[in-house]
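A quick write-up on the structure given underneath.
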Ligand SMILES: Cc1cc2nc3c(=O)[nH]c(=O)nc-3n(C[C@H](O)[C@H](O)[C@H](O)COP(=O)(O)OP(=O)(O)OC[C@H]3O[C@@H](n4cnc5c(N)ncnc54)[C@H](O)[C@@H]3O)c2cc1C
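In the numbering used here, the protein residues as written are 1066 to 1464.
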């Protein structure tokens, strides 16, 4: 038996929050039993969106976990939100279909005006408005966000947006998009990071005319797209915070994104480890369970130890965020270590299952493809390593 999550949670929580966490975990697990492997397999085969699953999470209030109660949200902590995502993944599901609804609104919550928050957050909390799309990455700039080219040029009380984004996930299942665009040409900005602004774009009216969306098929079922903006008019009341400060606002939201996605990786790793452990006990070859061979046991034990270590960093990052401390280094390291742990567990799980690891009906090959993404998105491993080198270790800036 693997240790229970309650044992793991005990290391971090007070008695009250421990009960709350245990309840959240149990109810998310119960919800996920309604969406078993066959559900995800069928969607994966057809590259379809898990509409019913997302609706169930929305109805239960989980996607509004981080929206304060005054705006109609569940007002949970980041530690609790991370437990939700972890449980979805540990149950064999995939929260990537909707995780952005949980955190993308953070930019609005932290940097929006009172009027913007009162206008948008209650509808986002209820799920009436889906804020699932986050438009940062562009084809020519890639990881070098400051080189992005999509422009937003002021025209009276509007901004006119032109350009292209790529890998904008869930855009076809979203009413709103958080968009990062250049409002001042780079050569005219005073600081390296200035001149970018964040907008809340209402995509409902503009689709097909000023916004064109193309689906990108990927190795896993991810509902990701490329988007073209052609003279899209965005009212100035949809500018979040101050013009030119957008990069800073986006960065402040990225810690939460990294921590939640790291929690998903921890959930994936737990799923792979549980699956491999069960199979190693029941599969008999040469007249004994394969799990009796140390050559099979050790990779499972190693994956478990690696997952536990990464889990501690995820909790450290979430606790620091919750306490209002700087958590940039911990959030980045949590994402790095958890993505490595889930990828190592995925590899181990395939190997433990022999040929059956490749069979669709075992779900392992699907989860293997799904968890591979987190070596690259939302930030690639190399970029995290260079963050640690520069910001934690004080090594010279490399780019
Ligand atoms: C399925 C999927 C969904 C996504 N969803 C979204 C989304 O919703 N919104 C969004 O904005 N983006 C999204 N992304 C984009 C994602 O954040 C980027 O793919 C990621 O940040 C890497 O950028 P890139 O693909 O342009 O790679 P590049 O920047 O071109 O990098 C390519 C490789 O070179 C390495 N590299 C680049 N520069 C350096 C350097 N200086 N030092 C060392 N190594 C370097 C990188 O680590 C990487 O391995 C998604 C991507 C995928 C695949």
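The C-beta atom is built at its ideal place from N, Cα and C for all residues, glycine as well.
Judged by DSSP secondary structure, residue 1281 falls within the beta strand (DSSP E) whose first and last residues are 1276–1281. Per DSSP, residue 1242 lies in no alpha helix (DSSP H); the unbroken beta strand (DSSP E) holding it starts and ends at 1241–1247.
Distance from the CA atom of residue 1347 to the CA atom of residue 1234, rounded to whole angstroms, is 39 Å.
Closer than 7 Å to some heavy atom of ligand 1: that does not describe the Cβ of residue 1127. Separation of the CB atoms of residue 1299 and residue 1264 is rounded to 5 Å, and the pair is thereby assigned contact status at 8 Å. DSSP places residue 1351 in the coil class of the three-state scheme, outside both helix and strand. Judged by DSSP secondary structure, residue 1385 falls outside any beta strand (DSSP E) and instead within the alpha helix (DSSP H) spanning 1359–1387. Contact annotation, residue 1377 with residue 1146: C-beta distance approximately 18 Å; criterion of less than 8 Å not satisfied. Taking residue 1134 as the centre and dropping the five residues before and after it, the same chain places the C-beta of 1140 closer than 7 Å to its C-beta, in chain order.
For residue 1243, the shortest separation between its Cβ and any heavy atom of ligand 1 does not lie below 7 Å. Using a Cβ distance threshold of 8 Å, residue 1402 and residue 1424 do not count as a contacting pair. Taking each of 1193, 1229, 1313, 1093 in turn and checking the Cα distance to residue 1206, the smallest one comes out for 1229. Pairwise C-beta distances place the region 1399–1416 in contact with the region 1431–1450, as three or more of them are shorter than 8 Å.
Ligand 1 never approaches residue 1238 closely enough for any of its heavy atoms to be under 7 Å from the residue's Cβ.
Its chain contains 1320, 1382, 1385, 1386 as the residues whose beta carbon lies nearer than 7 Å to that of residue 1392, once the 5 sequence neighbours on both sides are disregarded; these appear in chain order. For residue 1131, the secondary structure class from DSSP, reduced to helix, strand or coil, is coil.
Around the beta-carbon of residue 1411, 16 or more other beta-carbon atoms lie within 10 Å, marking it buried. Unbroken alpha helix (DSSP H) stretches of 4 residues or longer found wholly inside the region 1264–1337: 1268–1271, given in chain order.
In this structure, residue 1244 lies near residue 1200, with their beta-carbon atoms less than 8 Å apart. Restricted to the region 1405–1444, the alpha helix (DSSP H) segments that are unbroken, complete and at least 4 residues in length are 1429–1437, listed in chain order.
Around the beta carbon of residue 1253, fewer than 16 other beta carbons lie within 10 angstroms, which makes this residue exposed. Here the region 1331–1344 does not lie against the region 1271–1279, with fewer than 3 beta-carbon pairs under 8 Å apart. The DSSP-derived three-state label of residue 1200 is strand.
For the pair residue 1117 and residue 1152, the Cα-to-Cα distance works out to about 18 Å. The criterion of a C-beta distance shorter than 8 Å is not satisfied by residue 1180 and residue 1136. With a cutoff of 8 Å on beta-carbon distance, residue 1114 and residue 1223 are scored as not near each other.
Counting C-beta pairs with one atom in each stretch, the region 1101–1114 and the region 1283–1296 have three or more that are closer than 8 Å, which means they touch. Ligand 1 has no heavy atom closer than 7 Å to the beta-carbon of residue 1172.
Excluding five sequence positions before and after residue 1251, the CB atoms of its chain that fall closer than 7 Å to its own CB belong to 1260, given in chain order.
Taking C-beta separations shorter than 6 Å and ignoring five residues to either side along the sequence, the partners of residue 1242 in its chain run 1198, 1200, 1266, 1268, following chain order. Looking only at 1360, 1329, 1310, 1354, the smallest Cα-Cα distance to residue 1405 is reached by 1329. Residue 1172 sits in a helix when the DSSP states are folded into three classes. In this structure residue 1431 is buried. Its beta-carbon is surrounded by 16 or more other beta-carbon atoms within 10 angstroms. From the listed residues 1160, 1092, 1396, 1414, the smallest Cα separation to residue 1456 is found for 1396.
Under the three-state reduction of DSSP, residue 1220 is assigned to strand. Your pair residue 1215 and residue 1247 checks out as a contact, with CB atoms roughly 7 Å apart and the cut at 8 Å.
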